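First comes the structure, then the notes that go with it.
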Amino acid sequence: MTQFSLFDDNDHLIFPEGLLNYYPHFLSEAESIELLNRLIDNVPWKQSTLTIQDKVMLTPRLTAWYGDATHSYRLSDKSFEVNPWTESLFELKEKIENLTKFRFNSVLLNYYRDGNDSVAWHSDSEKELEKHPIASLSIGQARTFEFRHKKDHKRKYALTLGNGSLLIMKGDLQQNWDHRIPKSNKFMRPRINLTFRIIN
Ligand SMILES: O=C(O)CCC(=O)C(=O)O
Ligand SMILES: [Fe+2]
């Protein structure tokens, strides 16, 4: 499968392949849109809350977890409800495992309904994730994905995650870089992102 290198306008490699790999057409356009519509209709979406400066707010996106039934899941001392794998999510997991040779035991689904939905700067560096790779599959509306160096906020890069694309994040990426999906003022159709993970 062709792999897209992360070169900037001057042909400089932005990230080493040890940290990021990007496959723009992991799923076909048609497969992706069919999956998007099926997930929008059938996933038991939840909107969780977050507390910022003592204010409780709704997370600006909908989420759902799926994973191995034999495993109990906690992240940062919070346990969360995990749905058992559906056949189609399990098949997707196997397809990603065949390509990457990594193994995953769970997937977090994020549903961005429009340009107002987003995910704020963060890294997926909870202790339960160790330094395992994360495979991030995007379907639907292309959205901008930004990286910012934790110690130098001027070091910032953006990448468009298109319909059917797969991004592998690995190595020390989560230790040194934060990422986010910013809100957009432009009209944005629905997008779902699936991050396949290994949680210990
Ligand atoms: O929607 C995305 O592409 C990123 C989601 C994300 O960063 C996460 O779930 O941790
Ligand atoms: Fe993340």
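Sequential numbering of the sequence shown, starting at 706, is according to my numbering.
Quick reminder that beta carbons are idealized off the backbone N, C-alpha and C, glycines included.
Model, not experiment: these values are computed from the prediction.
Closest option to Gly869, judged by alpha-carbon separation, among Ser737, His884 and Glu796: Ser737.
Taking the Cβ of Asp829 as the reference point, at least one heavy atom of ligand 2 falls within a distance shorter than 6 Å. Under DSSP, no beta-bridge partner is assigned to Leu804. Under the DSSP definition of a beta bridge, Ser784 partners with Arg779.
Residue side-chain check: Val761 keeps its Cβ at 6 Å or more from all non-hydrogen atoms of ligand 1.
Judged by DSSP in its simplified three-state form, Glu722 adopts coil rather than helix or strand. Closest in alpha carbon position to Leu872, among Tyr862, Arg743, Trp882 and Asn898, is Asn898. Going by DSSP, Asp857 is part of no alpha helix (DSSP H) but of the beta strand (DSSP E) stretching over Asp857 to Leu866. Given a length threshold of 3 residues, each whole run of the beta strand (DSSP E) inside the segment 826-900 is given here in chain order: 839-845, 848-854, 857-866, 870-874 and 882-886. Selection Lys855, Trp790 and Leu780 evaluated against Glu835 yields Leu780 as nearest (Cα-Cα). Sixteen is the threshold: when 16 or more other Cβ atoms of the shown chains lie within 10 Å of the Cβ of Ala840, as they do, the residue is buried. As the crow flies, the alpha-carbon of Ser889 is around 21 Å from that of Ser753. At a Cβ-Cβ threshold of 7 Å, Tyr816 and Leu767 count as neighbours. Val748 has its CB no nearer than 6 Å to any heavy atom of ligand 1. Excluding sequence positions up to five before and after Arg808, its CB lies within less than 8 Å of the CB of Glu802 and Ile903, all in the same chain and listed in chain order.
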